[in-house]
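Read left to right, the first sequence gives residues 220 to 677 (my numbering).
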Amino acid sequence: MDSTSRRLMTMKVRVRFAPSPTGYLHIGGARTALFNWLYARHTGGTFILRIEDTDAARNSQEAVNVILEGLRWLGLHWDEGPLTGEATGPAKGDRGPYFQSQRKDLYQRRVEALLSRDLAYEKDGAIRFRMRTEPVVIDDLVVGRVTRELTDREALDPDFVIVRSDGQPVFHFVNVVDDLEMGITHVIRGEDHLSNTAKHIALFEAFGVPPPRYAHIPLILNQDGSKMSKRDRGASLDTYQREGFAPEAVVNFLCLLGWSPKNDKTKLDLKEVVEMFDLPQILRHNARFDMTKLLWLNGEYIRSMAPDRYHELAVHALARDGIDTNAFPVAYVRAALDTCKEKVKLFSEVKQFAGFYFQDEFDYEPEAAQKHFIAENRPLVARLREVFAGLASFDAASLEAALKSTAAGLGVKVGQLVHPVRLACTGRSIGPSLYHLLEVLGKERVLQRLDRALARMG
RNA sequence: GGCGCGUUCGUCUAUCGGCUAGGACAUAGCCCUCUCAAGGCUGAAAGACGGGUUCGAUUCCCGUACGCGCUACCA
Numbered sequence: 220m221d222s223t224s225r226r227l228m229t230m231k232v233r234v235r236f237a238p239s240p241t242g243y244l245h246i247g248g249a250r251t252a253l254f255n256w257l258y259a260r261h262t263g264g265t266f267i268l269r270i271e272d273t274d275a276a277r278n279s280q281e282a283v284n285v286i287l288e289g290l291r292w293l294g295l296h297w298d299e300g301p302l303t304g305e306a307t308g309p310a311k312g313d314r315g316p317y318f319q320s321q322r323k324d325l326y327q328r329r330v331e332a333l334l335s336r337d338l339a340y341e342k343d344g345a346i347r348f349r350m351r352t353e354p355v356v357i358d359d360l361v362v363g364r365v366t367r368e369l370t371d372r373e374a375l376d377p378d379f380v381i382v383r384s385d386g387q388p389v390f391h392f393v394n395v396v397d398d399l400e401m402g403i404t405h406v407i408r409g410e411d412h413l414s415n416t417a418k419h420i421a422l423f424e425a426f427g428v429p430p431p432r433y434a435h436i437p438l439i440l441n442q443d444g445s446k447m448s449k450r451d452r453g454a455s456l457d458t459y460q461r462e463g464f465a466p467e468a469v470v471n472f473l474c475l476l477g478w479s480p481k482n483d484k485t486k487l488d489l490k491e492v493v494e495m496f497d498l499p500q501i502l503r504h505n506a507r508f509d510m511t512k513l514l515w516l517n518g519e520y521i522r523s524m525a526p527d528r529y530h531e532l533a534v535h536a537l538a539r540d541g542i543d544t545n546a547f548p549v550a551y552v553r554a555a556l557d558t559c560k561e562k563v564k565l566f567s568e569v570k571q572f573a574g575f576y577f578q579d580e581f582d583y584e585p586e587a588a589q590k591h592f593i594a595e596n597r598p599l600v601a602r603l604r605e606v607f608a609g610l611a612s613f614d615a616a617s618l619e620a621a622l623k624s625t626a627a628g629l630g631v632k633v634g635q636l637v638h639p640v641r642l643a644c645t646g647r648s649i650g651p652s653l654y655h656l657l658e659v660l661g662k663e664r665v666l667q668r669l670d671r672a673l674a675r676m677g
């Protein structure tokens, strides 16, 4: 073991997620944040959020808020970093500011230090760093030992710009200065930065400071293997926030992209992941994003979700879809939502499954109405209506018994009653268990809806 | 073009030289069933290619192909 690794081993881990506020949080960025968070929690270290808002033109407070809200939604809370999207706003941690736009003096001082030692020089109004020409060895914790040779262009001129002629320092420079000043011990980032790491290491050496350990994680690709860009469906985290995914399912799925618990478990306990997670086990190849599997996982999470959590998310989804459940008794809402818990894969589906509980006026599915609301069924449904009306106890078991004996008495299959009744009471041909849904609706609503449907049957 | 990284079922992955290559999603069939799901059972489905090393290679080495990344006064 060299002295650098020994020093780092005794040092408390400090990792950071350093997104640029572009207006959306890329799913790959979310995974990078997750891996940094997991490593910090695993080692008892510190997870830092730093906003790389050097490109003033396209940065805004709203764009930063998208990132903050995305991370909060995922449950990836940071130990140091901004508390709001405002660059000059409050922050926690003593190594700030955590916005690059507020760190200009720091960069200026570092530039002058390099200039004064002739490690950098001015050319055409820009400031360039004297890059070494020997290969740079990167001991990456994920990829292994990488020896970065000069490219053909670099062989001609290895130096690179660190401050543009307009006075703006470039990414490679500010990134290194910040990691240095903030005492970052491990840089966990996308593999797209691997080649550039040589520059970063050279810069650290120029400052006379040992570089942090690097861990370059593979990229997340589209289903077809192409690069996932802003426009691709599922590339932006807000897709999941809006479409009714449970954050815990998204986090679980992201854990499985490039990392695995080495057993056959798919549904993971985050606490266990924190215990097991480590950098060397991260896979070295890119992964494709399988939305179908995430959807399945989300359904798994919903099915096994704690009741309170499920109701909270379901009610929230309904509200977003224009259904105010506050107008109904809490017990009714809970009972109604419970009948759908095992049916939905997404919270955005809750309205389709449970909407009828909260609105009396709804249209019938045309095809189903044509099939089930026929004259032939009218006397059958009418008979059942009377049986239901006479029931002393309107619970699922009684309803089932009543419906089945009525069907038997009429000499028809159970389905011949079930389908028209379901359609009459819900407007749809699919939905929760019929008997349970009738129980929740209650006798009054059920009879009303049956009457309304009977009026349309022949 | 140069530099770097990668390559196990369609997809995510297990395997750290002994494999009849395991699991999950998706998919096919069957069962269950009031719809839709869920669940149960069964099936099909993989080591990019070519050379080495080895008693033995998915596993180690080299080459080729393919994919991805970087190669900016973008981040």
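Backbone N, C-alpha and C fix where the C-beta goes; we use that ideal spot for every residue, glycine too.
How many angstroms separate the CA atom of I501 from the CA atom of L438?
-> Taking the first residue of the first sequence as position 1, residue 501 is located at position 282. Taking the first residue of the first sequence as position 1, residue 438 is located at position 219. Distance between the alpha carbons of I501 and L438: 12 Å.
Supposed contact pair D272 and P240 - C-beta distance, whole angstroms, cut 8 Å | Position 21 of the first sequence holds residue 240. Position 53 of the first sequence holds residue 272. At roughly 5 Å, the Cβ-Cβ gap stays under 8 Å, so P240 and D272 are in contact.
Does DSSP put D579 in a helix, in a strand, or in coil?
-> Looking up residue 579 in the first sequence gives position 360. D579 falls in the coil class under three-state DSSP.
L532 versus A616: straight-line alpha-carbon distance, rounded | Here residue 532 is taken as the residue at index 313 of the first sequence, counted from 1. Here residue 616 is taken as the residue at index 397 of the first sequence, counted from 1. Their Cα atoms are separated by approximately 29 Å.
Kindly indicate which three-state DSSP category D359 falls into: helix, strand or coil?
-> Locating residue 359 in the first sequence gives position 140, where the first residue counts as 1. Strand, per DSSP.
Taking the alpha helix (DSSP H) that E467 falls in, what are its first and last residues?
-> The count along the first sequence starts at 1 and reaches residue 467 at position 248. Its alpha helix (DSSP H) spans residues 466-474.
So what does DSSP say about S648, is it helix, strand or coil?
-> Within the first sequence, numbered from 1, the residue matching residue 648 stands at position 429. It is coil, neither helix nor strand.
Where do the N-terminal and C-terminal ends of the alpha helix (DSSP H) with L257 fall, by residue?
-> On the first sequence, position 38 is the one that residue 257 refers to. First-last of the alpha helix (DSSP H) with L257: 246-262.
Just mark P585 as buried or exposed, buried being the case when its beta carbon has 16 or more other beta carbons within 10 Å.
-> Residue numbering aside, residue 585 sits at position 366 when the first sequence is read from its first letter. By the neighbour-count rule (16 or more Cβ atoms within 10 Å), P585 is not buried but exposed.
Opening and closing residue of the alpha helix (DSSP H) in which G342 lies = On the first sequence, residue 342 is found 123 positions in, with the first residue counted as 1. Checking the sequence shown, residue 342 turns out to be Lys, not Gly. That residue, K342, is in no alpha helix (DSSP H); its beta strand (DSSP E) goes 339-342.
Going straight from the alpha carbon of L456 to that of L334, what length do you get?
-> Residue 456 sits at position 237 when you count from the first residue of the first sequence. Residue 334 sits at position 115 when you count from the first residue of the first sequence. Going by the C-alpha atoms only, they are around 42 Å apart.
Please classify I380: does DSSP put it in a helix, a strand, or coil?
-> By one-based count along the first sequence, residue 380 stands at place 161. Correcting the residue type first, residue 380 is Val in the shown sequence and not Ile. Of the three classes helix, strand and coil, the one that applies to V380 here is strand, per DSSP.
Can you tell me whether N556 is buried or exposed, with buried defined as 16 or more other CB within 10 angstroms of its CB?
-> The residue given as residue 556 occupies position 337 in the first sequence. Looking at the sequence shown, residue 556 is not Asn but Leu. Result: buried.
To the nearest whole angstrom, what separates the beta carbons of P639 and V606, a pair I think is in contact under 8 Å?
-> Translated into positions along the first sequence, residue 639 becomes position 420. Translated into positions along the first sequence, residue 606 becomes position 387. Between V606 and P639 the Cβ distance is about 14 Å, and since that is not below 8 Å, they are no contact.
In chain order, each alpha helix (DSSP H) run of at least 4 residues that lies wholly inside the segment 479-565 = 489-495, 510-522, 526-539, 549-557
Burial state of M676, where buried means 16 or more other Cβ atoms lie within 10 Å | For the purposes of this step, residue 676 is identified with residue 457 of the first sequence, where counting begins at 1. With 16 or more other Cβ atoms within 10 Å, it is buried.
Under the rule that 16 or more other beta-carbon atoms within 10 Å means buried, what is M447, buried or exposed?
-> As a first step, residue 447 must be located in the first sequence, where it is residue number 228. Classification of M447: buried, given that the 10 Å Cβ count is 16 or more.
If we ignore side chains and look at the alpha-carbon of each, how far apart do V569 and R432 end up?
-> The residue labelled residue 569 in the question sits at position 350 within the first sequence. The residue labelled residue 432 in the question sits at position 213 within the first sequence. Roughly 46 Å between the two C-alpha positions.
Contacts around H405, its chain only, beta-carbon distance under 7 Å, and the 5 residues preceding and following it disregarded | Translated into positions along the first sequence, residue 405 becomes position 186. These residues qualify, in order along the chain: V232, V234, Y258, P431, R432, A434.
By how many angstroms is the C-alpha of A588 removed from the C-alpha of S445?
-> As a working note, residue 445 is residue 226 in the first sequence. As a working note, residue 588 is residue 369 in the first sequence. Cα to Cα, S445 sits roughly 45 Å from A588.
Taking Cβ to Cβ, would you say F254 is nearer than 7 Å to I403?
-> Taking the first residue of the first sequence as position 1, residue 254 is located at position 35. Taking the first residue of the first sequence as position 1, residue 403 is located at position 184. No, they are not a contact pair.
Separation of V659 from G518, as counted between CA atoms = As a working note, residue 518 is residue 299 in the first sequence. As a working note, residue 659 is residue 440 in the first sequence. Approximately 23 Å between the Cα atoms of the pair.
With DSSP run on the structure shown, which of helix, strand or coil describes F592?
-> By 1-based counting over the first sequence, the position of residue 592 is 373. In this structure, F592 counts as coil in the three-state DSSP scheme.
Range of the contiguous beta strand (DSSP E) that encloses V395 = For this step, residue 395 is matched to residue 176 along the first sequence. Per DSSP, V395 belongs to no beta strand (DSSP E); it is in the alpha helix (DSSP H), 390-400.
In its own chain, which residues sit with a C-beta less than 7 Å from the C-beta of D497, not counting the 5 before and 5 after it?
-> Taking the first sequence and counting its residues from 1, the one referred to as residue 497 is at position 278. Cβ neighbours of D497 beyond the five flanking positions: H261.
Span of the alpha helix (DSSP H) holding L653?
-> Working through the first sequence from its first residue, we reach residue 653 at position 434. Counting along the chain, the alpha helix (DSSP H) containing L653 begins and ends at 653-660.
Where L440 and L293 are concerned, what is the direct C-alpha to C-alpha distance, given to the nearest angstrom?
-> Here residue 440 is taken as the residue at index 221 of the first sequence, counted from 1. Here residue 293 is taken as the residue at index 74 of the first sequence, counted from 1. If I take the Cα positions, the gap works out to 20 Å.
Alpha-carbon to alpha-carbon, R269 and T539 | As a first step, residue 539 must be located in the first sequence, where it is residue number 320. As a first step, residue 269 must be located in the first sequence, where it is residue number 50. It should be pointed out that residue 539 corresponds to Arg in this sequence rather than to Thr. R539 and R269: Cα-Cα distance of roughly 32 Å.
Below 8 Å on the Cβ atoms is my guess for V691 versus L360; work out the distance and round it to an integer in Å.
-> Any question about residue 691 goes unanswered here, given that the chain covers just 220 to 677.
Which residues share a DSSP beta bridge with P429?
-> Here residue 429 corresponds to residue number 210 of the first sequence, with the count starting at 1. DSSP output for P429 lists no bridge partner at all.
Within this structure, are the beta carbons of R507 and Q442 separated by less than 7 Å?
-> Position 288 of the first sequence holds residue 507. Position 223 of the first sequence holds residue 442. It is a contact, given that the beta carbons lie within the stated cut-off.
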